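K.L.:
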């Protein structure tokens, strides 16, 4: 440093101190806290860079990409049946539900419709993957907030659903069961009675959780009024599923915009909303959805028509030229595939619209001003699967 | 596992869907298109309606921001997704065989196929596509905009639709499109020093170049189709 006055030196020191974010006015020092990539609350490897002022979150920026697998690029070199295997791995807790919108988009382009029996079984498995997904959420969310018991109960009762999915499809997590024009196989003998019994157990599980978790005072004090998302913000961020309905928006793709190829118009169920938009509301809506899904499954099981489970489709699937977008109400929210076909064995472009991507992008907005322990409440209640963000 | 059976189910055929519904839905989409056209004037370049299913609108690039604002004013509050499409056919072949390896082996590369855009047409290689939904009417609109070949940029939607922020960051790193006025134009998924734009068609899928695809070896017969009755092409 050249010869300078004491005054200049002091100014330089102050400027450098400011740069180092050391506050000379004896205020608290800012701190950057890295949550993840490996953290039990992140359902995979999500990293969150949180800047804190004491206990208060100044900003929380998620950093996804640790599990990005490039599915949109891979779909351009794989045939439609092969893509089915890939997209199973997007939301790995509700795998069958990932297959359905893609298959429906391909069916739309091909002008194929699955036989009624296949549509019913498809809807049943779709709702069962919702139960498998959300029941784990309920238990895991309890676990994140310090209630171990809920986690054990959820893992215990989710087995009943997974066993039935395995009995029908052969895979507990990655069924790869949906096909363009129908399903891979028919149901095994005795499956319908077993599934009825499993659904009864699930309904009992929901009642148990209602009392054990939702009625718990600690759980309520950690979730009520925390992480409030108003309806207009939820819509603007494209939040979907229970996150949107917990903000009071009464919109469910199953009821309002159900794509052809599913059997939702055959059943009677309720779409639940919650006016509060907080963590408690989101959990409550999900719990009701699990109940409703079990009711849908039970109704459909009684109504399954006979007939084949596969329409006449060519052995080698070439999808005619065109574009189609199909969106369904998946366990995590709205999931859609924008498929562009040039008439080849492989799609020209597939844009995967996954629910968690939009759902978690609201985190910087909602975490601002929250406290550090609430960050886990908020993150857990938004409920994401990392594969669904990173694709 | 026990053999397949359908014995414990009924054989009632469900009622056929009413065909009349489609015409009605078509009118709803036409009304949206008319309203958008009246608001944007000649900003709407082209449109396509698939009755009872979907609506595509292509707008002029300088009006992209206005389009978002008008749609929001029309009640399309739900932001679904935003992405891009590279319409250039892949120089490596889009079939199952890795044609790239033939090029490496000294064979002539395949003739480039012509660029053909999809619904609502297009004039350029890159298009941005967005989908917004009106949850009251349960209707969605696909918006497309052509990007200039020598300047891949378009106005941001991230202050109109907050969710567009991440979608634009993804399109930015995957296609190399600049969103003018984006508040945080950094990479989302990729490492900050990543070179290239992976979802462009001329970006090779390196796994394929390292180990060529073995081709169609085992085609599993689909259930419901007869074994070899010439249904394959």
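Residue numbers (the numbering used here), protein chains in the order written: chain A, -2 to 388; chain B, 562 to 794. Beta carbons: idealized from backbone N, C-alpha and C, even for Gly. Computed from a prediction, not measured in an experiment: that's the story for all the values here.
(1) Would you say the beta carbon of residue 338(A) comes nearer than 7 Å to a heavy atom of the ligand SAM?
(2) What does the alpha-carbon distance come out to for the pair residue 344(A) and residue 251(A)?
(3) Tell me, which residues are paired with residue 331(A) by DSSP?
(4) Rounded to a whole number of angstroms, what is the C-alpha to C-alpha distance between residue 698(B) and residue 65(A)?
(5) Would residue 706(B) pass as a contact of residue 605(B) if the rule is Cβ separation under 8 Å?
(6) Quick check: what's the CA-CA separation for residue 700(B) versus residue 756(B)?
(7) Could you tell me whether any Cβ in chain A is nearer than 8 Å to the Cβ of residue 567(B)?
(8) Using a Cβ cut-off of 7 Å, which residues of the segment 728 to 740 of chain B contact any Cβ in chain C, in chain order?
(9) Please classify residue 730(B): does DSSP put it in a helix, a strand, or coil?
(10) Using the Cα positions of residue 102(A) and residue 125(A), report the straight-line distance between them to the nearest angstrom.
(11) Going by Cα to Cα distance, which pick from 63(A), 143(A), 122(A), 49(A) is closest to residue 167(A)?
(12) Give the C-beta separation of residue 111(A) and residue 119(A) to the nearest angstrom, bearing in mind that I take them to be a contact with Cβ-Cβ under 8 Å.
(13) Excluding sequence positions up to five away, which residues of its chain have a Cβ less than 7 Å from the Cβ of residue 33(A)?
(14) Between residue 353(A) and chain B, is any beta-carbon pair separated by less than 8 Å?
(15) Tell whether a beta-carbon distance below 8 Å holds between residue 113(A) and residue 302(A).
(16) With 16 other CB atoms within 10 Å as the buried threshold, where does residue 744(B) fall?
(17) CB-CB under 8 Å to residue 387(A), same chain, minus the five flanking residues each way: which ones, in chain order?
(18) Report the rounded CA-to-CA distance for residue 595(B) versus residue 639(B), giving the unit in angstroms.
(19) In terms of DSSP beta bridges, what is residue 609(B) paired with?
(20) So, are the CB atoms of residue 291(A) and residue 210(A) less than 8 Å apart?
(21) When the Cα atoms are used, what is the spatial distance from residue 718(B) to residue 625(B)?
(22) According to DSSP, is residue 137(A) helix, strand or coil?
(23) Beta-carbon within less than 8 Å of residue 189(A)'s beta-carbon, same chain only, minus the 5 sequence neighbours each way: which residues are those?
(24) Using a Cβ-Cβ distance cut-off of 8 Å, determine whether residue 719(B) contacts chain A.
(25) Do the segment 212 to 219 of chain A and the segment 232 to 248 of chain A meet, that is, are 3 or more Cβ pairs less than 8 Å apart?
(26) Taking 8 Å as the cut-off, decide whether the C-beta atoms of residue 331(A) and residue 237(A) are in contact.
(27) Compute the Euclidean distance between the alpha carbons of residue 728(B) and residue 680(B), then round it to the nearest angstrom.
(28) Per DSSP, residue 740(B) is paired with what?
(29) Taking the continuous beta strand (DSSP E) assigned at residue 82(A), which residues delimit it?
(30) For the beta strand (DSSP E) that contains residue 44(A), what are its first and last residues?
(31) Counting along the chain, where does the beta strand (DSSP E) carrying residue 705(B) start and finish?
(32) I want to see whether chain A comes within less than 8 Å of residue 641(B), judged by CB atoms only; does it?
(33) Using a Cβ distance threshold of 8 Å, determine whether the segment 257 to 277 of chain A contacts the segment 73 to 89 of chain A, with at least three qualifying pairs required.
(34) Determine which residues of the segment 223 to 234 of chain A have a Cβ less than 8 Å from any Cβ of chain B, and write them out in chain order.
(35) Quick one: residues in its chain with C-beta nearer than 8 Å to the C-beta of residue 171(A), no 5 flanking neighbours on either side, listed in chain order?
(36) Nearest to residue 592(B) by CA position, among 629(B), 623(B), 635(B), 630(B), is which residue?
P.N.:
The short version:
(1) As presented, the structure is devoid of all ligands, the ligand SAM included, so that no description of it is given.
(2) If you number the first chain from 1, residue 344(A) lands on position 347. If you number the first chain from 1, residue 251(A) lands on position 254. So the two alpha carbons sit approximately 26 Å from each other.
(3) Counted from its first residue, the first chain places residue 331(A) at position 334. Answer is 326(A), bridged to residue 331(A).
(4) The count along the second chain starts at 1 and reaches residue 698(B) at position 137. The count along the first chain starts at 1 and reaches residue 65(A) at position 68. Looking at the two C-alpha atoms, the distance is approximately 35 Å.
(5) The residue given as residue 706(B) occupies position 145 in the second chain. The residue given as residue 605(B) occupies position 44 in the second chain. Contact flag unset, no.
(6) Here the question's residue 700(B) lines up with position 139 in the second chain. Here the question's residue 756(B) lines up with position 195 in the second chain. Rounded to whole angstroms, residue 700(B) to residue 756(B) spans 39 Å at the Cα level.
(7) For the purposes of this step, residue 567(B) is taken as residue 6 along the second chain, with counting starting at 1. A caution first: residue 567(B) carries a pLDDT of 43, below 50, which makes its placement in the model too unreliable to give a value.
(8) Structure shown: chain C not included; protein chains present are A and B.
(9) Counting from 1 along the second chain, the entry for residue 730(B) is found at position 169. Looking at residue 730(B) - three-state DSSP - the assignment turns out to be helix.
(10) Here residue 102(A) corresponds to residue number 105 of the first chain, with the count starting at 1. Here residue 125(A) corresponds to residue number 128 of the first chain, with the count starting at 1. Taking the straight line joining both Cα atoms gives about 21 Å.
(11) Locating residue 167(A) in the first chain gives position 170, where the first residue counts as 1. The candidate whose alpha carbon is nearest that of residue 167(A) is 122(A).
(12) Translated into positions along the first chain, residue 111(A) becomes position 114. Translated into positions along the first chain, residue 119(A) becomes position 122. Correct: roughly 7 Å between the Cβ atoms.
(13) Residue 33(A) sits at position 36 when you count from the first residue of the first chain. Excluding residues within five positions, the ones whose Cβ falls inside 7 Å are 39, 42, 43, 44, 45.
(14) Here the question's residue 353(A) lines up with position 356 in the first chain. Cβ-Cβ to chain B under 8 Å: no for residue 353(A).
(15) Translated into the one-based positions of the first chain, residue 113(A) becomes position 116. Translated into the one-based positions of the first chain, residue 302(A) becomes position 305. Result yes, Cβ atoms of residue 113(A) and residue 302(A) sit closer than 8 Å.
(16) Taking the second chain and counting its residues from 1, one reaches residue 744(B) at position 183. So residue 744(B) ends up on the exposed side.
(17) To locate residue 387(A), count along the first chain from 1; it is residue 390. Correct list, in chain order: 41, 61, 62, 63, 64, 65, 66.
(18) Along the second chain, one-based indexing puts residue 595(B) at 34. Along the second chain, one-based indexing puts residue 639(B) at 78. One C-alpha to the other measures close to 20 Å.
(19) Residue 609(B) sits at position 48 when you count from the first residue of the second chain. Residue 609(B) is bridged to 617(B).
(20) Locating residue 291(A) in the first chain gives position 294, where the first residue counts as 1. Locating residue 210(A) in the first chain gives position 213, where the first residue counts as 1. Cβ distance not < 8 Å, so residue 291(A) and residue 210(A) don't count as in contact.
(21) Walking along the second chain from the start, residue 718(B) turns up at place 157. Walking along the second chain from the start, residue 625(B) turns up at place 64. Cα to Cα, the separation comes out at about 8 Å.
(22) Position 140 of the first chain, counted from the start, is the residue given in the question as residue 137(A). Three-state DSSP puts residue 137(A) in a helix.
(23) Counting from 1 along the first chain, the entry for residue 189(A) is found at position 192. Closer than 8 Å at the Cβ level, and outside the excluded window around residue 189(A), lie 298, 301.
(24) Within the second chain, the letter at position 158 stands for residue 719(B). Not one chain A Cβ lies under 8 Å of residue 719(B).
(25) no
(26) As a working note, residue 331(A) is residue 334 in the first chain. As a working note, residue 237(A) is residue 240 in the first chain. Yes.
(27) Reading the second chain from its first residue, position 167 is the one you call residue 728(B). Reading the second chain from its first residue, position 119 is the one you call residue 680(B). If you take the alpha carbons of residue 728(B) and residue 680(B), they lie about 22 Å apart.
(28) As a position in the second chain, residue 740(B) is number 179, starting the count at 1. DSSP, once it has assigned bridges, lists 715(B) as partnering residue 740(B).
(29) The count along the first chain starts at 1 and reaches residue 82(A) at position 85. First-last for residue 82(A): 77 to 84, but that is the alpha helix (DSSP H), not the beta strand (DSSP E).
(30) For this step, residue 44(A) is matched to residue 47 along the first chain. Where residue 44(A) is concerned, the enclosing beta strand (DSSP E) stretches over 44 to 50.
(31) Residue 705(B) sits at position 144 when you count from the first residue of the second chain. 700 to 707 is the extent of the beta strand (DSSP E) around residue 705(B).
(32) Within the second chain, the letter at position 80 stands for residue 641(B). Taking Cβ atoms only, chain A reaches closer than 8 Å to residue 641(B), which makes this a yes.
(33) no
(34) 229, 230, 232, 233, 234
(35) Here the question's residue 171(A) lines up with position 174 in the first chain. Same-chain partners within the cutoff: 82, 85, 86, 89, 92.
(36) Here residue 592(B) refers to the residue found at position 31 when the second chain is read from its first residue. Residue 635(B) is the option with its Cα nearest to residue 592(B).
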